[in-house]
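J.:
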Amino acid sequence: MNIDDILSTADNSKLRLTYLQAVVSSMPQGISVFDENLKLRVWNAGFVEIVGLPPEIVVDGVSFSDLIRIPAMRGEYGVGDPEAHVRRITELALKFQPHRFERTRPNGRTHLVHGEPLRINGQLAGFITTYTDITERKSAEEQLRHQHALLETVIEAIPCAVTLFDSNQKLLLHNQEFTKLLELPDSLFENPPVTMERIFRFNAERGEYGPGDPEQIVRSLMARARHPVAHHFERTRPNGQTIDVRGVPLDDNSLVTIYTNVTERRTSAEREQLAQVVFNHTPAGIIVTDENFRVLSLNPAASSMTGRNADELLGTSILDLVLAEADWKQDQLQATLALHGTWRGEVSMQRHDGQSFPASLRTNRVEENNGGLPRHYIWIFADITERKEAEARMQHIAQHDSLTGLPNRLSLLMRLAQLLPEARRHEWKVGIMFIDLDRFKIINDTLGHQVGDELLREVACRLSNVVRETDFVARLGGDEFVVILPGINNPADAALVASKIINALSTPIEAEGHELHTSPSIGISLFPDDGPDGDSILRNADTAMYHAKAAGRNNYQFFAADMNQQATERLDIERKLRHAISRNELALVYQPQFGSDGKHPTGVEALLRWHHPSDGMIPPDRFIPVAEETGMIVEIGDWVMHTACREMKHWIDSGLKPVRVAVNVSARQLRRRDFCETVAGALAESGLPAELLELEITESSVMENPQEAILILERLGRMGVSLAIDDFGTGYSSLAYLKLFPIDHLKIDRSFVRDIEHDLNDRAIAFGTIALAHSLGLNVIAEGVETPDQLELLRSNGCDEVQGYLFSKPLTGGAAFAFLHANAGAE
299 MNIDDILSTA DNSKLRLTYL QAVVSSMPQG ISVFDENLKL RVWNAGFVEI
349 VGLPPEIVVD GVSFSDLIRI PAMRGEYGVG DPEAHVRRIT ELALKFQPHR
399 FERTRPNGRT HLVHGEPLRI NGQLAGFITT YTDITERKSA EEQLRHQHAL
449 LETVIEAIPC AVTLFDSNQK LLLHNQEFTK LLELPDSLFE NPPVTMERIF
499 RFNAERGEYG PGDPEQIVRS LMARARHPVA HHFERTRPNG QTIDVRGVPL
549 DDNSLVTIYT NVTERRTSAE REQLAQVVFN HTPAGIIVTD ENFRVLSLNP
599 AASSMTGRNA DELLGTSILD LVLAEADWKQ DQLQATLALH GTWRGEVSMQ
649 RHDGQSFPAS LRTNRVEENN GGLPRHYIWI FADITERKEA EARMQHIAQH
699 DSLTGLPNRL SLLMRLAQLL PEARRHEWKV GIMFIDLDRF KIINDTLGHQ
749 VGDELLREVA CRLSNVVRET DFVARLGGDE FVVILPGINN PADAALVASK
799 IINALSTPIE AEGHELHTSP SIGISLFPDD GPDGDSILRN ADTAMYHAKA
849 AGRNNYQFFA ADMNQQATER LDIERKLRHA ISRNELALVY QPQFGSDGKH
899 PTGVEALLRW HHPSDGMIPP DRFIPVAEET GMIVEIGDWV MHTACREMKH
949 WIDSGLKPVR VAVNVSARQL RRRDFCETVA GALAESGLPA ELLELEITES
999 SVMENPQEAI LILERLGRMG VSLAIDDFGT GYSSLAYLKL FPIDHLKIDR
1049 SFVRDIEHDL NDRAIAFGTI ALAHSLGLNV IAEGVETPDQ LELLRSNGCD
1099 EVQGYLFSKP LTGGAAFAFL HANAGAE
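Position in the sequence shown (first residue = 1) + 298 = this note's numbering.
1. Taking the alpha-carbon of Thr-534 as reference, which of Ala-849, Leu-392, Ile-678 has the nearest alpha-carbon?
2. Using beta-carbon positions only, say whether Ser-823 and Phe-779 come within less than 8 Å of one another.
3. If you measure between the beta carbons of Gly-832 and Asn-838, is that distance less than 8 Å?
4. Only counting runs of 4 or more residues, tell me where the alpha helix (DSSP H) segments fall wholly within the region 777–810, in order along the chain.
5. If you draw a straight line from the C-alpha of Phe-738 to the C-alpha of Pro-1086, how long is it?
6. In angstroms with no decimal places, state the Cα-to-Cα distance between Leu-886 and Phe-1115.
7. By DSSP's criteria, Trp-341 is part of a beta bridge. Which residues make up the other side?
8. Start and end of the beta strand (DSSP E) containing Val-543?
9. Let me know if Leu-480 comes out buried or exposed under the rule of 16 or more other beta-carbons within 10 Å of its beta-carbon.
10. Excluding five sequence neighbours on each side, which residues of the same chain lie with their C-beta closer than 8 Å to the C-beta of Gln-697?
11. Hey, would you say Asp-333 sits closer than 8 Å to Gly-424, going by beta carbons?
12. What does the alpha-carbon distance come out to for the pair Glu-933 and Ile-740?
13. With 16 other CB atoms within 10 Å as the buried threshold, where does Phe-973 fall?
14. Assuming the contact rule is C-beta atoms closer than 8 Å, Glu-665 and Pro-656 should be a hit. Round their C-beta distance to whole Å, please.
15. Just to confirm, is the Cβ distance from Ser-552 to Asp-464 under 8 Å?
16. With distances taken Cα to Cα, identify the nearest neighbour of Glu-1055 among Gln-1088, Asn-335, Leu-735.
17. By Cβ distance, which residues of its chain are closer than 7 Å to Pro-536, with the 5 residues on each side in sequence left out?
18. Compute the Euclidean distance between the alpha carbons of Pro-1004 and Arg-766, then round it to the nearest angstrom.
19. Which stretch, first to last residue, makes up the alpha helix (DSSP H) that contains Met-494?
20. Excluding the five sequence neighbours on either side, which residues of its own chain have a C-beta within less than 7 Å of the C-beta of Ser-361, listed in chain order?
21. Candidates Ala-980, Glu-994, Val-961, Ser-894: which alpha carbon is nearest Arg-1093's?
22. According to DSSP, is Ile-682 helix, strand or coil?
23. What are the boundary residues of the alpha helix (DSSP H) that His-845 is part of?
24. Determine contact between the region 513–524 and the region 369–379, defined as no fewer than three beta-carbon pairs at a distance below 8 Å.
25. What is the DSSP secondary structure of Arg-660, counted as helix, strand or coil?
26. May I ask which residues mark the beginning and end of the beta strand (DSSP E) holding Lys-947?
27. Is Lys-468 helix, strand or coil when you go by DSSP?
28. Could you give the DSSP three-state label for Ile-432: helix, strand or coil?
29. Look at the Cβ atom of Asp-777, then the Cβ atom of Leu-735, and state whether they are nearer than 8 Å.
30. Give the single residue among Gly-1018, Ala-1071, Met-731, Glu-488 whose Cα lies nearest to the Cα of Thr-841.
31. Is the number of C-beta pairs between the region 804–814 and the region 743–757 that are closer than 8 Å three or more?
32. Determine whether the beta carbon atoms of Tyr-429 and Gly-328 lie at a separation below 8 Å.
33. Under 8 Å: do the region 979–992 and the region 936–945 share three or more Cβ pairs, one atom per stretch?
34. Helix, strand or coil for Met-1001 per DSSP?
35. If contacts are defined as beta-carbon pairs under 8 Å, then Phe-1039 and Val-1000 qualify, I think. What distance do you get, rounded to the angstrom?
36. Going by beta-carbon coordinates alone, are Ala-721 and Pro-789 separated by less than 8 Å?
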């Protein structure tokens, strides 16, 4: 029995319409049918859901314009006036042109929208549109195209008004419906031959084609008419009638055109035929059963998916198609149907060859009007194998790092959420190791991301090989990794694994022809000792990792409570520092520098100070490292350079004998490509001569990338700027590179000067530095000079310049100017 057989058993048209609506309502695609007046006549819940319409406004006879106004107000058709979009789209719809396009809604779902004018038994039934969710079923596009091709075959034009024009655009014949439908006067046909141009002009002059110059409209229409091609469009006349126009050129270049009035309402019989078309050609499987679930009818798609033809299935129970291991779902399904009359879910269905496939299944009950007893059930199902496979792939992608293949942050959090309750229940300890690779950024920036990626992949491999099978290794992003150690007995177990990781990463890594060296800084926290949940123990392991870096890197540190306090203080410093410049909280002080006799000033070093309005004076050793880590040191350093240059130029303009001003430069500043331009800008803006600016650069910063540092320092030297290596002896200089750096001064760190009177090692380092510098043609400045004996030892061993509290503490700008002016005068 097919749909026609079922519908014919009904007593009246209204009941048949109920069956029709039930079939369409059960479809997994959205379906809508509008009549020739663009009034909604047939639809299903899928249409309401996909378009996102409030169900209460979707009723029989509601206008197309009222429905599309809802998504227009939500901005789904782009920016602009929603009413303008409504008018534009309604005008397009009134042309009743077939269309096929994909549209992605704001919720991310992509749908294939396919619309065709519908003609049945010589009558234009309206417009049928299917809305198919293709987000997860792109493969269904071919089936949908086949479906629409079949629909196009069914919906053929039925002529109402007919014209035949010859190759010279002269009217050879027409019927009375032509003049009646288009309201053409008899006088137009009194003087043959009647030409297409005459008809076009008559219509253009009475505004049939809309506003515009009639002659220009006629010329445009005739230009196309002289080269006739098959065409089909719909046009709404000024009187409100919508006409379907189909033109076909014949072999002799004559043109047959059929005009159909499509403004009349579709009859309920046409709706029943539409339901049959949908039933036969939808790609979803549809089965109609009686109240005992015995199969009464099925569509070709249902037969294709199950591998069983109609003869095999008719009279059998549809529940036989559901796998036996899903019996509990069958019980649930029957109970829900008895209570609510509808059910939807996912089941495993069986093919004729014994193979199974996952299917989405939706069931609706169709009841008789008299008595309310269930008579039929409509079952709609679709093969969702590809969707399930896609979901599995997407789940793997969502939970794994694409570069290393390790679990990602999401997977890590899911693992912790699963593991920690179990550990709490069994009183297990869980170790969390937060790993950050030392010097990775330098490798990535200097050798490129491809080398950096290869390094990360090898590190991931080594980490996975070190830990147990029960442990969990994840990559959070960048050079950050996390290792979960479930079921450890004590902190020593975590320390052992950390040592293995340090040892595993101690050997060089080959990447793209480069021999790379990296080391881990590892922070360790324990559950439940260091936190009650996943967020806290991860955060505390991260805090411990920063302490590992501060402790010299390539080591591990366990979390301690005071680490949290220090981390909180650091975040507070970072937050306040971001506003320090804009709020004028930063200032410079200047410490004078002298010749070795301690009497003649040679320059000043500009030193940064931060006075917070509520916290008071914040020491540089608290905020400078934070500025370095966050990158704010670049903006602060630029401010220091511009301010120092302006102030020194102001002093000179006020009568001070010219001396140089020394400004400290961070490693981050030196790595910027525009650093030389920044220095030139500060000199140009202030007017300070380049030879009066000295840049103090730490040896560790220039040794991060010596080759690039040489190029930058050479550019600065050519500008006339003096260059000094600051804190010499505290880093890891290479003498082979040191002699290549175009520098003017070496600056002995105060740590060697402090005990020069008593510590022979410090004295040897200081004197050796002086001798080394002189052998390279460099001047030497010693900082931190506080006693006359220190001064005498340095002076007697050839130190060129000195700086320290013996001569002056750092002074504000005004005080420094007065001090220098007085000492220069004394000279």
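Glycine included, every Cβ here is placed at the ideal spot set by N, Cα and C. For clarity, every value in this text was computed on a predicted model and none was experimentally measured.
T.: Let me lay it out:
1. Leu-392
2. no
3. no
4. 789–802
5. 46 Å
6. 13 Å
7. Ser-330
8. 540–547
9. buried
10. Pro-705, Asn-706, Leu-708, Ser-709, Met-712
11. yes
12. 21 Å
13. buried
14. With a Cβ gap of about 30 Å, Glu-665 and Pro-656 do not count as contacting.
15. yes
16. Gln-1088
17. Gly-505, Glu-506
18. 41 Å
19. 494–503
20. Leu-336, Lys-337
21. Ser-894
22. coil
23. 832–848
24. no
25. strand
26. Per DSSP, Lys-947 belongs to no beta strand (DSSP E); it is in the alpha helix (DSSP H), 930–951.
27. strand
28. coil
29. yes
30. Met-731
31. yes
32. yes
33. yes
34. coil
35. 7 Å
36. no
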